[in-house]
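Take a look at the structure below.
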Amino acid sequence: MKNFIIKKIVPVFLSVFTILLIWYLVAGKINASLILPSPKEVFFKIIELICQKIFWINFLYTFLRCALAFVISLFAGIIIGTICGQNSFIKSFFEFPLSLLRSTPVIAVILIALYWFSSDIVPVFVSCLMTLPIIISAIITGLENSDKKLLQMAEIYKYTKVQKFIYVKVPSALPFFLNGIISAFGLTWKVVVAGEVLSLPKKGAGSLLQTNQVIFETTSVLAITLILVCICFLLERLLKLIFKKYIKGVKNVR
Numbered sequence: 005m006k007n008f009i010i011k012k013i014v015p016v017f018l019s020v021f022t023i024l025l026i027w028y029l030v031a032g033k034i035n036a037s038l039i040l041p042s043p044k045e046v047f048f049k050i051i052e053l054i055c056q057k058i059f060w061i062n063f064l065y066t067f068l069r070c071a072l073a074f075v076i077s078l079f080a081g082i083i084i085g086t087i088c089g090q091n092s093f094i095k096s097f098f099e100f101p102l103s104l105l106r107s108t109p110v111i112a113v114i115l116i117a118l119y120w121f122s123s124d125i126v127p128v129f130v131s132c133l134m135t136l137p138i139i140i141s142a143i144i145t146g147l148e149n150s151d152k153k154l155l156q157m158a159e160i161y162k163y164t165k166v167q168k169f170i171y172v173k174v175p176s177a178l179p180f181f182l183n184g185i186i187s188a189f190g191l192t193w194k195v196v197v198a199g200e201v202l203s204l205p206k207k208g209a210g211s212l213l214q215t216n217q218v219i220f221e222t223t224s225v226l227a228i229t230l231i232l233v234c235i236c237f238l239l240e241r242l243l244k245l246i247f248k249k250y251i252k253g254v255k256n257v258r
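Going by this note's numbering, the first residue of the sequence shown is number 5, and it counts up by one from there.
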């Protein structure tokens, strides 16, 4: 327990303290809330926001868009990734468009999507496009890393293709898939909020950010941002904790 506190808790505490100290000193030097409000001002604004019903309504809309985009990406990624992992021709077919999506700036996709969809759909559509390659790549990597000895044993016992897939390939792919889920989940939040900022749906945390930025409410912008960051961080940590025993030793999939 003592070693855990020294190695894990103390460095995190010192890191947070250092960031807050630098923020406090820079804000004091600038002495202009419009440019950079102090940590104290932002803290009280956070308290004010989380006590307002309107904030949670906007947050709920953002959360629902994130959930919808994530579920769509998950199901589409599982289907495409499984097919690509089983067929080299289809994998090569999808390789270029997936690489293209990884290289495309999110802002460009959002701006193009604004011509095609309503402001409520844009964040969901863009998030699906951006997270899909992560899930597909995770599944392909997992299937390709199936234990060769287990596959040879399956051949000896005359397993069918379906049995090999269920009993050998799926367990091998699971850690990579779960790790891909964590990476995709974190990206979903960022892309959905960015999409809301530019598309300005009637309800959404991104819309709140943009509205407060236009009226020069820098304190509110920082407060909303910190709330979103903390919620995303906690949810990612929760997923990592749930999947911990399955993804141990697997590198992040991007």
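For each residue, glycine too, the CB sits at the ideal point set by N, CA and C.
- Looking only at L191, T192, V201 and I144, the smallest Cα-Cα distance to A177 is reached by I144.
- Residue burial is scored here from C-beta neighbours: R69 has at least 16 other C-beta atoms within 10 angstroms and is therefore classed as buried.
- Beta-carbon to beta-carbon, T135 and S92 are separated by about 24 Å, too far to satisfy the 8 Å threshold.
- Put simply, the backbone Cα of I125 is about 12 Å away from that of G208.
- Around the C-beta of T66, 16 or more other C-beta atoms lie within 10 Å, and the residue is accordingly described as buried.
- I50 sits close to I231, with the two beta carbons spaced by under 8 Å.
- With a beta-carbon spacing of about 7 Å, L243 and I185 fall inside the 8 Å limit used to define contacts.
- The C-alpha of S141 lies about 21 Å from the C-alpha of L72.
- Put simply, of P137, V195 and I34 the residue whose alpha carbon is nearest the alpha carbon of F79 is P137.
- Counting every other CB atom within 10 Å of its CB across the protein chains shown gives W120 a total below 16, marking it as exposed.
- Taking one beta carbon from each stretch, the segment 184-204 and the segment 16-34 have fewer than 3 pairs nearer than 8 Å; the two do not touch.
- Considering only G32, V14, Q90 and P205, the residue with the shortest C-alpha distance to K168 is Q90.
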